[in-house]
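Right, one structure below, let's go through it.
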Amino acid sequence: MFWRVALSIAFAQLANRRRQTLVSVLGVSLGVGFFIATSSIMSGSEQDFTQRLVDNAPHITIKDEFRHPATQPVFVTYPQGAISLLRTKPREYLRGIKNYGAKVEELTQRPGVIAEAALTGQVIVRYANKDVSASVAGIDPDKEKFLTQVESDMLEGSLDRLRTTADGIVIGSGMSEKLGLKMDDLATVVTPSGLVKRMKIVGIFHAGNLLLDEGQTYVLLKNAQVLLDKPFIANQIRIKIPNPDDAETFAASLENRWGYRSESWQEVNRDLLGLFIIRNAITYSIVSAIMIVAAFGIFNIISTVVMEKRRDIAIMMSMGFRGFDIQAIFLIQGVLVGILGMLLGWTIGLGLLELVSMVKFTVPGMTKQQGFVLDRSFRPYAIGGTFALVSAVAAAWYPARKAAQVKPVDIIRGAA
Amino acid sequence: MSDPALVVETRGITRILQEAVPVTLVRDIELRVTRGEFVSITGPSGSGKSSLLYLLGLLDVPTAGEVLIDGQPTGGLTADDLAAIRLAKLGFVFQFHFLLPEFTVLQNVMLPMQRLGVLSEEKMQSRGLQLLADLDMADQARKRPDQLSGGQRQRVAIARALANDPLVILADEPTGNLDTKNSEIVQDIFGRLVREQGRTVIAVTHEEAFARTTGRNVHLVDGRIEKDVKR
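Protein chains in written order, with my numbering: chain A, 1 to 416; chain B, 417 to 647.
Structure representation (structure tokens):
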């Protein structure tokens with residue numbers, strides 16, 4: 001019953017100052033609207049970028065390295081020993097993942113998992129008196145298709161032609177331009193061990209990443225083993241798993257089991273993912289600033305109403321309204337402004353997103369992006385709405401409290 | 417045991433405003449008002465008559481002494497408790513009407529009933545209309561306060577004071593802002609409320625003519641009761 005009275009008084013007082021109410025509602029709704037638009041652009045691009053990271057590279061790469069240098073046998077046997085051996089020479093071991101065939105076989109047994117043994121190394125590609133140093137990856141074309149985007153990034157030729165052509169090599173568009181190499185040209189590949197080999201260009205890809213386009217080449221695994229003089233050796237196992245989010249834990253379990261350094265895509269891109277946190281912090285602080293300005297709008301209107309309504313407050317109190325009742329009446333007004341602002345803000349946000357989604361442009365370096373990728377989830381709406389309501393209550397709190405502390409006698413005496 | 421007919425009783429109330437120089441508003445007031453009495457409080461300006469009314473109406477709290485409403489001591493009660501007593505047992509009429517401008521006349525009269533929340537909405541409405549009809553204001557029920565004359569507004573304020581069927585009506589210069597004709601109408605209403613409905617009215621006034629119509633006159637000088645005359 002009381003709430004109905006309080007609500008009707010609050011409504012009537014707001015309705016009586018339509019213009020001021022509208023301005024403060026607009027303030028809140030612009031804050032909410034821009035919050036929704038910016039946060040769905042930001043989180044959309046974050047998701048898109050993460051998707052690219054996940055799609056462009058294997059989820060997990062097992063390397064023929066160890067995270068920590070090997071412990072000397074004496075320390076393994078006597079961990080508490082008082083003896084310390086200095087200047088021991090670590091045992092030299094043959095690089096490469098031991099028994100990689102069996103490991104790949106075992107990983108492939110798991111449902112949805114694709115695993116490929118690869119050998120990577122450095123070579124120099126020479127053509128028409130020009131040299132370009134490049135990474136060479138010895139791969140399995142059937143599996144590489146699923147592990148990375150190379151196959152879909154192909155401008156000419158294909159990965160499959162590696163198999164049908166003897167000594168074929170796939171290069172990037174950057175290298176092709178730099179050296180003037182075209183399809184079916186014969187380039188000279190020089191390895192660190194001094195081997196020189198003539199290889200035929202069977203494919204040119206364009207990944208949109210300068211580093212890859214100028215410096216990455218693909219050959220068959222067995223060709224790489226010959227080129228790099230590492231017969232029957234692979235130094236990487238590249239893995240794709242069904243759910244990319246599991247990569248970190250799965251990598252850790254593999255490393256635990258086999259000892260080889262296993263890098264998840266999250267580990268490799270830790271710096272980029274960290275950047276997103278900073279970016280989000282910036283977004284939220286800018287939008288918070290908008291909301292704080294909007295909250296001052298609410299504070300302003302409620303304060304004005306309280307000032308102008310001192311007589312009404314006094315008479316209601318003399319009638320028998322409690323301080324709390326009066327406070328509630330003005331808090332409700334703040335909440336009403338907040339709710340109206342939230343609803344209008346949702347509409348504005350929705351409209352802004354429609355507008356933004358119509359904007360089309362290409363970013364240099366990123367071949368496929370055509371406009372903003374938006375996060376169309378409900379999350380920004382929920383956060384923006386909560387923000388509006390919380391700031392409305394916070395802004396109305398102080399003036400409402402002031403209203404509750406009005407002494408009716410002071411007002412009535414003053415008016416008489 | 418207090419007399420059940422006693423509706424308002426004060427026990428030596430004193431009110432001192434603590435300012436740079438303390439101001440004594442009223443001192444050692446002993447007053448007993450029984451059911452059905454029509455009391456006027458008069459005195460020169462600054463004699464503390466309004467201050468006494470606010471103390472009787474629990475709008476202000478005495479520095480010393482105690483006010484009893486309907487036999488219930490009010491000393492030491494919280495502001496919320498006092499508000500509850502005001503809501504159920506007291507009705508106020510001030511010099512200015514203090515009607516809420518956003519609401520119609522009827523809504524203004526219903527407001528105390530809605531806050532009390534005892535009657536159903538329909539009953540409140542019919543009671544509000546009845547109160548207005550008693551004061552010849554039924555046809556103005558749907559108007560807003562700013563569409564009424566000063567006398568009409570004061571009549572609405574009286575109807576509002578009666579909303580919760582109070583034990584006592586406290587009026588502070590109810591005719592102070594009215595012309596002679598309206599002043600007489602309002603005086604007449606208070607007289608009728610006492611005579612016909614047996615209500616208790618305590619009214620502060622500086623008008624001799626008004627004071628003469630009341631059954632009892634309390635005259636204040638410098639915050640003390642100088643005369644207390646029953647007619």
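Glycine included, every Cβ here is placed at the ideal spot set by N, Cα and C. Please read all numbers here as calculations on a predicted model, not as lab measurements.
Meets three-Cβ-pair contact criterion under 8 Å: the region 148-156 of chain A and the region 199-207 of chain A: With the cut-off at 8 Å, the region 148-156 of chain A and the region 199-207 of chain A touch.
For my contact list, A/SER40 and A/LEU353 are in at a C-beta cut-off of 8 Å; report their separation, rounded to the angstrom. About 6 Å; that satisfies the 8 Å criterion.
Along the region 533-556 of chain B, what residues have a CB closer than 7 Å to any CB found in chain A? Answer set for the region 533-556 of chain B: GLY533.
With a CB to CB cut of under 7 Å and the five nearest residues on each side skipped, what residues in its chain are close to A/ILE332? These residues qualify, in order along the chain: ALA6, LEU7, ALA10.
Are A/LEU254 and A/SER262 touching if we call contact CB-CB under 8 Å? Contact: yes.
Would you mind telling me which residues of chain B sit closer than 9 Å to A/GLN333, beta carbon to beta carbon, in chain order? Near A/GLN333 there are no residues of chain B at all, since even the closest Cβ is about 12 Å away, more than 9 Å.
Between A/LEU420 and A/TYR127, is the Cβ-Cβ spacing less than 8 Å? Because chain A in this structure spans residues 1 to 416, residue 420 of chain A falls outside the shown range and cannot be described.
Under 8 Å between beta-carbons, which chain A residues line up against B/ASP476? List them in chain order, please. VAL409, listed in chain order.
Are the C-beta atoms of A/ILE315 and some chain B residue less than 8 Å apart? Taking Cβ atoms only, chain B reaches closer than 8 Å to A/ILE315, which makes this a yes.
Sub-8 Å separation of A/LYS407 and A/VAL306 beta-carbons: Not in contact: A/LYS407 and A/VAL306 (Cβ atoms no closer than 8 Å).
For the ligand SAM, I want to know if B/LEU472 counts as a neighbour, meaning its beta carbon is within less than 7 Å of at least one of the ligand's heavy atoms. No copy of the ligand SAM appears in this structure; indeed no ligand is present at all.
For B/GLU482, go through chain A and note every residue whose CB falls closer than 8 Å to its CB, in chain order. Near B/GLU482 there are no residues of chain A at all, since even the closest Cβ is about 18 Å away, more than 8 Å.
A/ALA328 in three-state terms, based on DSSP: In the structure shown, A/ALA328 adopts helical secondary structure according to DSSP, grouped into three states.
Please confirm whether B/HIS635 and B/GLY452 have their CB atoms less than 8 Å apart. Against a cut-off of 8 Å, the Cβ pair of B/GLY452 and B/HIS635 comes out as no contact.
In terms of residue numbering, what span does the beta strand (DSSP E) encompassing A/MET154 cover? For A/MET154, the uninterrupted beta strand (DSSP E) segment begins and ends at 154-157.
Is the Cβ-Cβ distance between B/LYS646 and B/ARG632 less than 8 Å? Taking C-beta atoms as the reference points, B/LYS646 and B/ARG632 count as a pair closer than 8 Å.
Would B/THR616 pass as a contact of B/LEU583 if the rule is Cβ separation under 8 Å? In terms of Cβ geometry, B/THR616 and B/LEU583 form a close pair [threshold 8 Å].
State yes or no: is the beta carbon of A/ILE412 nearer than 8 Å to at least one beta carbon in chain B? Using a CB distance cut-off of 8 Å, A/ILE412 counts as an interface residue toward chain B.
Using beta-carbon positions only, say whether B/PRO561 and B/PRO517 come within less than 8 Å of one another. Yes, Cβ-Cβ distance for B/PRO561 and B/PRO517 is below 8 Å.
Which residues in chain A have a C-beta closer than 8 Å to the C-beta of B/LEU422? List them in chain order. B/LEU422 does not reach chain A, its nearest Cβ partner there being about 22 Å away, counting only Cβ pairs nearer than 8 Å.
DSSP-derived helix/strand/coil call for A/TYR218: Look at A/TYR218 here: in three-state DSSP terms it is strand.
May I ask you to report which of helix, strand or coil DSSP gives A/ALA396? Under the three-state reduction of DSSP, A/ALA396 is assigned to helix.
Return the CA-CA distance between A/ILE412 and A/THR38, expressed in angstroms with no decimal places. One C-alpha to the other measures close to 51 Å.
Please classify A/TRP3 as buried or exposed, where buried requires at least 16 neighbouring CB atoms within 10 angstroms. So A/TRP3 counts as exposed.
What's the C-alpha gap between A/GLU214 and A/GLY341? Straight through space, the alpha carbons of A/GLY341 and A/GLU214 are spaced by roughly 52 Å.
Do A/SER303 and A/PRO399 have their CB atoms nearer than 8 Å? Cβ atoms of A/SER303 and A/PRO399: closer than 8 Å.
Apply the 10 Å Cβ neighbour rule to A/LEU344 and answer buried if 16 or more other Cβ atoms are within range, or exposed otherwise. With 16 or more Cβ atoms within 10 Å of its Cβ, A/LEU344 is classed as buried.
Close-in-space but distant-in-sequence residues of the same chain around B/THR450 (CB under 6 Å, 5 per side omitted): Answer for B/THR450: ALA421, LEU422, listed in chain order.
A/TYR127 - DSSP class collapsed to helix/strand/coil: In this structure, A/TYR127 counts as strand in the three-state DSSP scheme.
Which word fits B/ASN524, buried or exposed, when buried means at least 16 other C-beta atoms lie within 10 angstroms of its C-beta? Answer is buried; the Cβ neighbour count reaches 16.
Among all the DSSP beta bridges, which residues are the ones paired with A/PHE34? In the DSSP output, where bridge partners are listed per residue, A/PHE34 has none listed.
Straight-line Cα distance separating B/ALA619 from A/ALA416: Confidence at A/ALA416 is low in this model, with a pLDDT of 47, below 50, so the placement of that residue is unreliable and no value is reported for it.
is_contact[A/ALA403, chain B] using C-beta, thresh 8 Å: Judged by the 8 Å Cβ criterion, A/ALA403 is not in contact with chain B.
Do the region 43-57 of chain A and the region 383-397 of chain A make contact, defined as three or more Cβ pairs closer than 8 Å? Touching, no, given that fewer than three Cβ pairs across the two stretches are closer than 8 Å.
Environment of A/TYR218 [buried if 16+ CB atoms lie within 10 Å]: That one is buried.
Along the chain, which unbroken stretches of the alpha helix (DSSP H) at least 4 residues long are found entirely within the region 287-330 of chain A? For the region 287-330 of chain A, whole alpha helix (DSSP H) runs of length 4 or above, ordered along the chain, are 310-319.
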